[in-house]
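In this text, residue positions in the sequence shown follow the working numbering: the first is 3, and each later residue adds one.
Every residue, glycine too, gets a C-beta built ideally from N, C-alpha and C.
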Amino acid sequence: MRAYVSERTTRHNRDLMRRGYMEMAKINLNISSEAHYAECEAETTVERLVSGG
């Protein structure tokens, strides 16, 4: 019985962690996309300033 409860708890914890990682993946992708946009905008600004335009 203890082995069953232990295995069930382990499975439950792994499922919770899997779901948590999937949720964080979406959040991290959004953050990464926003950072990429900001980097592109900064690069464009620097190029414009350096070229005198």
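For residue j and residue i, the rounded distance between their alpha carbons
i     : j     : result
Glu25 : Arg16 : 14 Å
Tyr34 : Glu49 : It is worth fixing the name first, because residue 34 is Ser in this sequence and not Tyr. Rounded to the nearest angstrom, the two C-alpha atoms are 22 Å apart.
His38 : Met3  : 52 Å
Ala44 : Glu36 : 12 Å
Arg20 : Lys28 : 13 Å
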